[in-house]
Amino acid sequence: MRGLGLMLGRHAVLVEILTAAGLVAAPFVLSPLGFAPGTANHILIWGLFGVGFDLLFGYTGLLSFGQSAFYGTGGFVAAYLLTRAGMSNVVLALVIGMIAAAIAGYGVGLIALRRTGIYFAMITVAIAETFFFLENSPLSAWTGGENGLPGVPTPHFDLFGFHYQVGTDWSMYGFLAVCYFVGIVIALRIVRSPVGAILTAIRENPLRAAAVGHNVHGYKLTAFVIAAAYAGFSGGLLGVLQAFMPPEAFTFDTSGQLIMQTVIGGTGTLFGPLVGAAVWLSLRDFLQQSLNLGAAWKLVLGLIFVLLVCFLRRGLVGGLRNAVEWFTARWRASNGVAEAPAPVAAVVATVGPSRRRDETPFSGPVLEARGVTKSFGGLVANRDIQFSVSQGELRGVIGPNGAGKSTFFKMLTGELPPTSGHIIFHGRDITGLDIASVCQLGLTKSYQVNQLFNRLTVRANVVIAALAERRGRFSLDFLRRIERVPGLDAQVEGTLALVGLAARADVPVSDLAYGEKRRLEIGLALASSPSLLLLDEPLAGMSPRERAETVTLLKNIRRGRTLVVVDHDMDAIFELAERITVLHEGAVLAEGTPAEIQRNKFVQEAYLGGVAA
Amino acid sequence: MITWPNFVSQLFNGLALGALLALISSGLTIIYGTLGVLNLAHGAMFMLGGYAGYVAYEATGSFTVAVVAGSLFLVVVGVLMERVIIRYFYSRPAEDQILVTFGIGICLVEVIRLFFGSLSKTVSPPDWAAGITSLGFMFYPTYRLAVVGIIAAALVALFLVLFRTRLGLIVRAGIEDSAMVDALGIDVDRVFMIVFGIGAMAAGFAGIVNAPVVSLTPDVGDAILVETFVVVVIGGVGSFTGAILGGLISGEILSLTSMVDPSYSGVMLFAVMTLVLMLRPQGLLGTKGRT
């Protein structure tokens, strides 16, 4: 089975081997070129610092201006231990510094992650400034204030009676290179783990990541803490490299330089920060020393940064990768490798309403809404709705525009809390639960407007949804390879086959036709193996052929599932549904079999404005 | 030692600083509210206003000319920046907008450093506001009193533009729903350009008015930018009145904490911001739903 990881897996070891080879070869190439080891060492520290930041920004999409807070925290804790507290084990001190930074990251994350986007950026700026204030004055007895902490020793190792003292220059390079290598190996594992896939999903579409059942806040906090840990360890290394812990580690400029280097090198690449740091530091030296530009070096780098943000947002590494992909695609096209879209066939569903949690036999209705009301200010969108669906049923919900159908669905899935009333699912009151928890219980919906992870492939989209089903709401298996998640491949391939996208699995979502996107939208909901699936206008905007395919799909997926379908396509609803509920002006107008609804006077009035009455 | 005159004078300092923060923040917040762009170059614009005023002051010796020149120069800078770069970022993610304005801010600071060096420049207050004034029970620098008045006047002017003119109506409607304003046949593109110009002018005006109080360095905007963020978070992003309230609160916090222990003023400001985020995440006067 050509699973998710197999192809990647072959590349995987290659990346590590190339990294190791590059790190080993660097001194032998750079030294004869007259490259000072000091610059290479600083590049490694910035590169390692940036690996964590790239996980946070490049992968999770959280642009933090506060990384200096953790760089400084880790650095000063390690330096304090090694100078004033008399600790002699350098590596242990670095690890303790890293843990301190991670703890600080947890606390800061709890505050900063309350908001997203620009608020998040602004709050991280303010927090970083506060750390600088704290270091500089109230804590100056421990940190040395403006003087920093001098006298940080270099590490030494005693292995098998052999004593090795790390010196400066290329000897220090060796130590830093090992640290960087370990850091990048761990980061690569995180990226290839289920957590890595979910972080990318959060970057692409946090709403949908939560809707398929992931605890988005928890994963964001995880990424924040990991980034803080990387920052803390790197900060400690800075002290070790310079034999001195400078207070500048805490300044806003440190955060700014990290961001600029990462963007110049390329976000979402892990190696971008290293490349960016190399460009930054060598250009600085070159402009200052060889061209005698003095202070203008930063202006030149600032202009390069602005130009890259404008025209090459993925930076140097990202641009290189794009170019390689473009040439590969051209080569494939000229060699006649093409993929034809496959029509939806009547597939035997391999995705069952599966291991689902509460499978105890239950006789009552699957879903029940008791007196559910939602008002937005003075506007009552839903009024006292009584609604009940039994096991295995296919229920249609219809109503004119503005009848409150979408609001009702949002309350059922936990996207909106009802103003009053209760929602009972499998006999359990789920009112007030968040959307991810409701999905984990087996109730989810497909959206009226596609909510997909647009820059990822079809398969990656389904993997993200299936991971929530396989791993639950929150799990910290960030060192496990994604293909080791039991049953994931079967779940993904089964879903892809069911929605007829198996042949299109490796296509980016942005390249799909509209009808295919709609099917993927349903596929995302299906991949979480819901026992009850709500479909919000699955047929909206479809061509006649796409519509016919989707009706076939709905017939396929209803086996073994309970479905509630909202749509304006009356023909389809009357053909598919066993019972129909009519909403009108936010309240239930009628309920019954399609035949009963067709005869219902009130329904005719609501739809035809009383003309037929 | 905290004495009564000391306390009152710190209260005045807080008012002056608060008014200044309010004006800069309202520039930041109307740009964000209308265009949806968080302008990280706002601190650099504040700095640039000071330097533009400084050049005009050196050339003419007139403080009034310096203020007018500083403000107008920033209108030009703002409009240019919007036309040449920012408008291509409206459809890009918020992170890209933040990155590009951050980069522009750095370039502006470095350009100034290139031409004027890192050493500080001073602008003298106008003759009529030199010296100190007796308030009966204490003496207070006259220019600082004048700053409160000048900035209050600027805020009133900005308020009148926003709430009493056709342009202001469009801007406020644009804050609510810019797509709808566009659909109504109003040239949103032009409004965006003007708003960016006005926002930049607010920062530039504050920069030159504040120049006699502190000495000018290329980095003078960096600290202000951070404080402005706190103001906006406390007051509520996109709210003009929130920016004023947040500015005054922040100014007093910084000033009154300094009286007890200056090293804690920044920490205290941040603590209040955290408190606001806990209790009212959208800011004191912010509307829910805007992130």
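Sequence order for the protein chains is A and B. Residues 22 to 634 (the numbering used here) are what the first sequence spells out, left to right. Residues 7 to 297 (the numbering used here) are what the second sequence spells out, left to right. The C-beta atom is built at its ideal place from N, Cα and C for all residues, glycine as well.
Nearest residue (CA-CA) to Q512 (chain A), options A:I419, A:I207, A:R491
Here residue 512 (chain A) refers to the residue found at position 491 of the first sequence. Checking every option, the nearest Cα to that of Q512 (chain A) belongs to A:R491.
Using three-state DSSP, classify A608 (chain A) as helix, strand or coil.
As a working mapping, residue 608 (chain A) is identified with position 587 in the first sequence. In this structure, A608 (chain A) counts as strand in the three-state DSSP scheme.
With a threshold of 8 Å, are at least 3 pairs of Cβ atoms found where one atom belongs to the region 215-222 of chain B and the other to the region 116-129 of chain B?
yes
V184 (chain A) by DSSP, collapsed to three states: which one?
In the first sequence, the residue the question calls residue 184 (chain A) occupies position 163. For clarity, residue 184 (chain A) is His in the given sequence; the question names Val instead. It is a strand residue.
Cβ contact (3+ pairs, closer than 8 Å) linking the region 48-60 of chain A and the region 105-119 of chain A
no
Does the CB of S15 (chain B) have a neighbour CB from chain A at under 8 Å?
Here residue 15 (chain B) refers to the residue found at position 9 of the second sequence. Output row for S15 (chain B): interface = no.
Does V459 (chain A) get closer than 8 Å to chain B when you measure Cβ to Cβ?
On the first sequence, residue 459 (chain A) is found 438 positions in, with the first residue counted as 1. V459 (chain A) does not count as touching chain B.
Quickly, what does DSSP pair Y146 (chain B) with across the bridge? List them, please.
Counting from 1 along the second sequence, the entry for residue 146 (chain B) is found at position 140. Partner(s): B:T139.
Is M143 (chain A) close to chain B, meaning its C-beta is less than 8 Å from at least one C-beta of that chain?
Numbered from its first residue, the first sequence carries residue 143 (chain A) at position 122. So, interface residue.
Pull up the CB-CB distance for Y468 (chain A) and E514 (chain A), whole angstroms please, since I reckon it's below 8 Å.
Counting from 1 along the first sequence, the entry for residue 468 (chain A) is found at position 447. Counting from 1 along the first sequence, the entry for residue 514 (chain A) is found at position 493. The pair is not a contact, with the Cβ atoms about 23 Å apart (cut-off 8 Å).
In chain order, what residues of the same chain have a beta carbon less than 8 Å from the beta carbon of I120 (chain A), not counting five sequence neighbours either side?
Along the first sequence, read from residue 1 onward, the residue named residue 120 (chain A) stands at position 99. A250, G253.
Amino acids of chain A, ordered along the chain, whose beta-carbon sits closer than 7 Å to that of R119 (chain B)
As a working note, residue 119 (chain B) is residue 113 in the second sequence. Within 7 Å Cβ-Cβ: A316.
Measure from the alpha carbon of G420 (chain A) to the alpha carbon of each residue in A:Q625, A:L39, A:D510, A:V173, then state which is nearest.
On the first sequence, position 399 is the one that residue 420 (chain A) refers to. With distances taken between Cα atoms, G420 (chain A) lies closest to A:Q625.
Could you give the distance in angstroms between the alpha-carbon of L329 (chain A) and the alpha-carbon of G286 (chain A)?
As a first step, residue 329 (chain A) is located in the first sequence; it is residue number 308 there, counting from the start. As a first step, residue 286 (chain A) is located in the first sequence; it is residue number 265 there, counting from the start. Answer to the nearest angstrom: the Cα atoms are 10 Å apart.
Exposure of E116 (chain B), with buried meaning 16 or more beta-carbon neighbours within 10 Å
Here the question's residue 116 (chain B) lines up with position 110 in the second sequence. Per the 10 Å Cβ criterion, buried.
Test item: CB-CB of L5 (chain B) and I104 (chain B) under 8 Å:
The question about residue 5 (chain B) has no answer here: the residues shown for chain B are numbered 7 through 297.
State the Cα-Cα distance for the pair H235 (chain A) and I91 (chain B), rounded to the nearest angstrom.
Taking the first sequence and counting its residues from 1, the one referred to as residue 235 (chain A) is at position 214. Taking the second sequence and counting its residues from 1, the one referred to as residue 91 (chain B) is at position 85. Taking the straight line from one Cα to the other gives about 37 Å.
Could you tell me whether the Cβ of A616 (chain A) comes closer than 8 Å to any Cβ of chain B?
Along the first sequence, one-based indexing puts residue 616 (chain A) at 595. Not an interface residue.
With N403 (chain A) as the anchor, note down where its beta strand (DSSP E) starts and where it stops.
In the first sequence, counting from the first residue as 1, residue 403 (chain A) sits at position 382. Residues 400-410.
Min CB distance M279 (chain B) to chain A below 8 Å:
Residue numbering aside, residue 279 (chain B) sits at position 273 when the second sequence is read from its first letter. With 8 Å as the cut-off, M279 (chain B) counts as an interface residue toward chain A.
State the Cα-Cα distance for the pair I240 (chain B) and A212 (chain B), rounded to the nearest angstrom.
As a first step, residue 240 (chain B) must be located in the second sequence, where it is residue number 234. As a first step, residue 212 (chain B) must be located in the second sequence, where it is residue number 206. If I take the Cα positions, the gap works out to 20 Å.
Listed by chain order, chain B residues near E635 (chain A) by CB distance under 8 Å
Outside the displayed span of chain A (22 to 634) sits residue 635 (chain A), for which this structure offers no information.
Minimum C-alpha distance to R476 (chain A) - residue among A:D532, A:L462, A:R210, A:A244
Residue numbering aside, residue 476 (chain A) sits at position 455 when the first sequence is read from its first letter. R476 (chain A) has its Cα closest to that of A:D532, out of A:D532, A:L462, A:R210, A:A244.
What does R416 (chain A) touch in chain B if you count any residue whose Cβ is under 9 Å from its own?
Counting from 1 along the first sequence, the entry for residue 416 (chain A) is found at position 395. Going along chain B, no residue has its Cβ under 9 Å from R416 (chain A), so there is no contact; the nearest lies around 31 Å.
Am I right that I601 (chain A) and G613 (chain A) are in contact with their C-beta atoms under 8 Å? What's the rounded C-beta distance?
As a working mapping, residue 601 (chain A) is identified with position 580 in the first sequence. As a working mapping, residue 613 (chain A) is identified with position 592 in the first sequence. Confirmed, about 7 Å.
By the three-class DSSP mapping on this structure, what secondary structure does G272 (chain B) have?
As a working mapping, residue 272 (chain B) is identified with position 266 in the second sequence. Helix, per DSSP.
Pull the bridge partners of D179 (chain A) from the DSSP assignment, please.
For the purposes of this step, residue 179 (chain A) is identified with residue 158 of the first sequence, where counting begins at 1. In the DSSP output, where bridge partners are listed per residue, D179 (chain A) has A:H184.
Who are the near neighbours of L553 (chain A) in its chain, counting only those whose CB is closer than 6 Å to its CB and skipping five residues on each side?
By one-based count along the first sequence, residue 553 (chain A) stands at place 532. Within the same chain, L553 (chain A) has close Cβ partners V387, L388, L464, T583.
Taking the alpha helix (DSSP H) that E150 (chain A) falls in, what are its first and last residues?
Taking the first residue of the first sequence as 1, we reach residue 150 (chain A) at position 129. It spans 138-157 - the alpha helix (DSSP H) in which E150 (chain A) sits, taken as one unbroken run.
Run through DSSP, which three-state label would T40 (chain A) get?
As a first step, residue 40 (chain A) is located in the first sequence; it is residue number 19 there, counting from the start. Three-state DSSP puts T40 (chain A) in a helix.
Just verifying my parser: in three-state terms, what is the DSSP assignment at G289 (chain B)?
Locating residue 289 (chain B) in the second sequence gives position 283, where the first residue counts as 1. Coil, per DSSP.
Taking the DSSP output, what are the residues bridged to A390 (chain A)?
For the purposes of this step, residue 390 (chain A) is taken as the residue at position 369 of the first sequence. Answer is A:F408, A:I444, bridged to A390 (chain A).
Distance, A350 (chain A) Cα to F499 (chain A) Cα
In the first sequence, residue 499 (chain A) corresponds to position 478, counting from 1. In the first sequence, residue 350 (chain A) corresponds to position 329, counting from 1. Near 32 Å, if we compare the C-alpha coordinates of A350 (chain A) and F499 (chain A).
With a Cβ-Cβ cutoff of 8 Å, do A99 (chain A) and G257 (chain A) count as a contact?
Looking up residue 99 (chain A) in the first sequence gives position 78. Looking up residue 257 (chain A) in the first sequence gives position 236. Yes; because the gap between Cβ atoms is below 8 Å, this pair is in contact.
Along the chain, where does the beta strand (DSSP E) containing I192 (chain B) start, and where does it finish?
Here residue 192 (chain B) refers to the residue found at position 186 of the second sequence. Segment: none, I192 (chain B) is in no beta strand (DSSP E) and carries neither H nor E.
With three or more C-beta pairs closer than 8 Å as the rule, is the region 200-208 of chain A touching the region 66-75 of chain A?
yes
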